[in-house]
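Below you'll find the structure, written out as structure tokens, and then a few comments.
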Amino acid sequence: MSAPCVLIASCCNLKPDFLVKEILKLDDLGNGTCILEKICAYDWNIETKYYTASVQLCTTEERTIGNESFAESVEAFLVCFDSHQKNSFDSVKSWLPYLNQLEPEIKMLVCHQCTENHEVKRLTVQEWCIDNDFELVELAPEEDSDENDDFPETTGIKRIIQALHAHTWSNLTMKENPSVCSPYVRQLMQDEFKAKKAQENQKSLDCAPNHVNKTACDSDEENQLRVDSSCVDCAHSSKSNPENQPEFEEAISLAQDVSKIDKEKKPKEKTKEESLDLLHACEDLQLFEALGTDDPGGESFEKLFERFGLMKEKAQSLPHQERKKYAEKVAVAFWRAMGGDEDEVEGLSETDDLDTECIPQNIP
Numbered sequence: 150m151s152a153p154c155v156l157i158a159s160c161c162n163l164k165p166d167f168l169v170k171e172i173l174k175l176d177d178l179g180n181g182t183c184i185l186e187k188i189c190a191y192d193w194n195i196e197t198k199y200y201t202a203s204v205q206l207c208t209t210e211e212r213t214i215g216n217e218s219f220a221e222s223v224e225a226f227l228v229c230f231d232s233h234q235k236n237s238f239d240s241v242k243s244w245l246p247y248l249n250q251l252e253p254e255i256k257m258l259v260c261h262q263c264t265e266n267h268e269v270k271r272l273t274v275q276e277w278c279i280d281n282d283f284e285l286v287e288l289a290p291e292e293d294s295d296e297n298d299d300f301p302e303t304t305g306i307k308r309i310i311q312a313l314h315a316h317t318w319s320n321l322t323m324k325e326n327p328s329v330c331s332p333y334v335r336q337l338m339q340d341e342f343k344a345k346k347a348q349e350n351q352k353s354l355d356c357a358p359n360h361v362n363k364t365a366c367d368s369d370e371e372n373q374l375r376v377d378s379s380c381v382d383c384a385h386s387s388k389s390n391p392e393n394q395p396e397f398e399e400a401i402s403l404a405q406d407v408s409k410i411d412k413e414k415k416p417k418e419k420t421k422e423e424s425l426d427l428l429h430a431c432e433d434l435q436l437f438e439a440l441g442t443d444d445p446g447g448e449s450f451e452k453l454f455e456r457f458g459l460m461k462e463k464a465q466s467l468p469h470q471e472r473k474k475y476a477e478k479v480a481v482a483f484w485r486a487m488g489g490d491e492d493e494v495e496g497l498s499e500t501d502d503l504d505t506e507c508i509p510q511n512i513p
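Numbering (the numbering used here), first residue to last: 150 to 513.
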């Protein structure tokens, strides 16, 4: 099977090669490999704390799906457009029939900047992205008016790389001792491997219905064992490595992107207002205390991820000083859940600083 591909196209003056250079961090891109007519490929060896993978960044000047083999290898699609020109946005829309054939898991719409003052208004672009499962990425986004935002979003090329790193590539190889001590993150990786293999096995059965799929089943078990063994010593390696913080944001992105699969399968039984009603100080305190223990357990960590968006809304509704304290507590909880060195968070806000009136007292 050929290496998985990131197909990069452009519907404006910004050339696809620009994104390739930024992703690879090269000043001179050089000549790529022409794998098909008008499709050039550049090798990208991804190495994160958790896995390695070999990917091809493919550029094209025309709308195409290549051949059958190439179409099956496309796992991500990036397209550039100019928000000052309506015809540029219309050209992006003309890619949709091709994407229906390619079916990439990652789709990102890239522009320099998109505001309500441009010919193609930001709200229009965002609604289109939601309807077509795209993510809007601005290379030079307008500065946020809220300078006190305690949860800044990753933007630009960093966001593109972050999303690509968080993807489960079909040829990825898990590292033996990734510093991921959270049971929830390990379970997400295992579930994603199972889902990938199940899809591949189903395709094999569809092509050869009389074929006994014992080999595929054995391969699935091997992948399960590989993920399990790669995480056996993760708690020890995390404790002994105080350099975990630079990869923390990447771990969060990985878990959030993978968990979308499970969340989409579960019916949303509660409205946003009902969920906000459940986010009380008592529950936050209990959750922080659970994550502050040596073994928080997957359930507590999963709850933290499910509530992350609600925590952000709650923080934004607090006064500035209280918001900073609340953000510290969230950060400390995440750090401890990831197995970070306790010395790194010494002196920061503790759960004891919270209002204790909401904690049930033992009545003799």
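Using N, Cα and C, we set each Cβ at its ideal position, and we do this for glycine too.
- Taking C-beta to C-beta, are Lys324 and Lys198 nearer than 9 angstroms? Numbered from its first residue, the sequence shown carries residue 324 at position 175. Numbered from its first residue, the sequence shown carries residue 198 at position 49. Yes, the Cβ-Cβ distance between Lys324 and Lys198 is below 9 angstroms.
- Task: Just the C-alpha distance for Glu491 and Arg485, rounded to the nearest angstrom, thanks.
- Result: Taking the sequence shown and counting its residues from 1, one reaches residue 491 at position 342. Taking the sequence shown and counting its residues from 1, one reaches residue 485 at position 336. Approximately 7 angstroms, taken between the alpha carbons.
- Per DSSP, Cys154 forms a beta bridge with which residues? To locate residue 154, count along the sequence shown from 1; it is residue 5. According to DSSP, Cys154 shares a beta bridge with Gln205, Val223.
- Would you mind reading off the limits of the alpha helix (DSSP H) that contains Asp239? Here residue 239 refers to the residue found at position 90 of the sequence shown. Element bounds for Asp239: 235-242.
- For Pro246, count neighbouring C-beta atoms within 10 Å of its own C-beta (all shown protein chains included) and say buried if the count is 16 or more, exposed if not. As a first step, residue 246 must be located in the sequence shown, where it is residue number 97. That one is exposed.
- For Asp231, the nearest candidate out of Ser218, Asn216, Val204, Val269 (CA to CA): Looking up residue 231 in the sequence shown gives position 82. The option with the nearest alpha carbon to Asp231 is Val269.
- Task: Could you tell me which residues DSSP pairs with Val259 in its beta bridges?
- Result: As a position in the sequence shown, residue 259 is number 110, starting the count at 1. Looking at the DSSP assignment, Val259 forms a beta bridge with Cys229, Val286.
- Query: Helix or strand or just coil, what does DSSP make of Thr197?
  - Reply: Position 48 of the sequence shown, counted from the start, is the residue given in the question as residue 197. Here Thr197 sits in coil by DSSP.
- Query: Could you give the distance in angstroms between the alpha-carbon of Leu427 and the alpha-carbon of Glu477?
  - Reply: Within the sequence shown, the letter at position 278 stands for residue 427. Within the sequence shown, the letter at position 328 stands for residue 477. Per-residue confidence for Leu427 stands at a pLDDT of 45, beneath the threshold of 50, marking its modelled position as unreliable; no derived number is given.
- How big is the Cα-Cα spacing for Glu302 and Pro153? Position 153 of the sequence shown holds residue 302. Position 4 of the sequence shown holds residue 153. Cα to Cα, Glu302 sits roughly 28 angstroms from Pro153.
- Query: Should Leu258 and Val228 be called a contact, given that it needs their Cβ atoms to be closer than 9 angstroms?
  - Reply: On the sequence shown, position 109 is the one that residue 258 refers to. On the sequence shown, position 79 is the one that residue 228 refers to. Yes, these two residues count as a Cβ contact at 9 angstroms.
- Opening and closing residue of the beta strand (DSSP E) in which Ile114 lies: Outside the shown range of the chain, which is 150 to 513, sits residue 114, and nothing can be said about it.
- Message: Within 10 Å of its beta-carbon, does Thr317 have 16 or more other beta-carbons around it, so buried, or fewer, so exposed?
- Response: Along the sequence shown, one-based indexing puts residue 317 at 168. With 16 or more Cβ atoms within 10 Å of its Cβ, Thr317 is classed as buried.
- Query: Starting from Ile214 and walking both ways along the beta strand (DSSP E), at which residues does that stretch end?
  - Reply: The sequence position of residue 214 within the sequence shown is 65, counting from 1. Judged by DSSP secondary structure, Ile214 falls outside any beta strand (DSSP E); it is assigned neither H nor E.
- Query: Should Pro253 and Phe219 be called a contact, given that it needs their Cβ atoms to be closer than 9 angstroms?
  - Reply: What you label residue 253 is simply residue 104 of the sequence shown in a count that begins at 1. What you label residue 219 is simply residue 70 of the sequence shown in a count that begins at 1. Remark: C-beta atoms of Pro253 and Phe219 do not approach each other more closely than 9 angstroms.
- Message: Less than 9 angstroms between the C-beta atoms of Ser222 and Ser151, yes or no?
- Response: As a working note, residue 222 is residue 73 in the sequence shown. As a working note, residue 151 is residue 2 in the sequence shown. In terms of Cβ geometry, Ser222 and Ser151 form a close pair [threshold 9 angstroms].
- Item | Segment limits, beta strand (DSSP E) that includes Leu185 | As a working mapping, residue 185 is identified with position 36 in the sequence shown. Residues 182-185.
- Residues sharing a beta bridge with Tyr191, DSSP: As a working note, residue 191 is residue 42 in the sequence shown. Answer is Leu206.
- Ser319 in three-state terms, based on DSSP: As a first step, residue 319 must be located in the sequence shown, where it is residue number 170. Look at Ser319 here: in three-state DSSP terms it is coil, with no helix or strand label.
- Message: Cutting at 8 angstroms between CB atoms, please list the residues of its own chain near His267, excluding the five before and the five after it.
- Response: On the sequence shown, residue 267 is found 118 positions in, with the first residue counted as 1. Counting only residues of its own chain and dropping the five nearest sequence neighbours on each side, His267 has a CB closer than 8 angstroms to the CB of Ser232, His233.
- State the Cα-Cα distance for the pair Met460 and Val479, rounded to the nearest angstrom. Residue numbering aside, residue 460 sits at position 311 when the sequence shown is read from its first letter. Residue numbering aside, residue 479 sits at position 330 when the sequence shown is read from its first letter. Met460 and Val479: Cα-Cα distance of roughly 8 angstroms.
- Ile172 burial status per 10 Å Cβ neighbour count (16 or more: buried): Stepping through the sequence shown from its first residue, residue 172 is reached at position 23. Here Ile172 is buried: its Cβ has 16 or more other Cβ atoms, across all protein chains shown, within 10 Å.
- Task: Tell me, please, whether the CB atom of His267 is closer than 9 angstroms to any CB atom in chain B?
- Result: Given the protein chain composition of this structure (a single chain), no chain B is represented.
- Task: Could you tell me whether the Cβ atoms of Ala347 and Ile255 are closer together than 9 angstroms?
- Result: Within the sequence shown, numbered from 1, the residue matching residue 347 stands at position 198. Within the sequence shown, numbered from 1, the residue matching residue 255 stands at position 106. Taking a C-beta distance under 9 angstroms as the contact criterion, Ala347 and Ile255 do not qualify as a contact pair.
- Task: For Ser159, write down the residues that DSSP places opposite it in a beta bridge.
- Result: Looking up residue 159 in the sequence shown gives position 10. Ser159 pairs with Cys229.
- How many Å lie between Glu292 and Glu341 at the Cα? The count along the sequence shown starts at 1 and reaches residue 292 at position 143. The count along the sequence shown starts at 1 and reaches residue 341 at position 192. Between Glu292 and Glu341, the alpha-carbon positions lie close to 36 angstroms from each other.
- Could you check if Ser159 is buried or exposed, using at least 16 other CB atoms within 10 Å of its CB as the buried criterion? Locating residue 159 in the sequence shown gives position 10, counting from the first residue. Taking every protein chain shown into account, the CB of Ser159 has 16 or more other CB atoms within 10 angstroms, so this residue is buried.
- Task: Could you tell me the boundaries of the alpha helix (DSSP H) in which Asn249 lies?
- Result: Here residue 249 refers to the residue found at position 100 of the sequence shown. Going by DSSP, Asn249 is part of the alpha helix (DSSP H) stretching over 245-251.
- Identify which residue in Cys263, Leu251, Asp192 has its Cα closest to the Cα of Thr213. One-based indexing of the sequence shown puts residue 213 at position 64. Of the candidates Cys263, Leu251, Asp192, the one whose C-alpha sits nearest the C-alpha of Thr213 is Leu251.
- Does the beta carbon of Lys242 fall short of 8 angstroms from some heavy atom of the ligand MN? Summarising the ligand content, the structure contains no ligands, and the ligand MN is consequently not present.
- Determine the contact status of Thr182 and Asp192, defining contact as a CB-CB distance below 9 angstroms. Working through the sequence shown from its first residue, we reach residue 182 at position 33. Working through the sequence shown from its first residue, we reach residue 192 at position 43. Yes. Within cutoff.
- Message: Rounded to whole angstroms, what is the Cα-Cα separation between Ala289 and Cys278?
- Response: Locating residue 289 in the sequence shown gives position 140, where the first residue counts as 1. Locating residue 278 in the sequence shown gives position 129, where the first residue counts as 1. One C-alpha to the other measures close to 18 angstroms.
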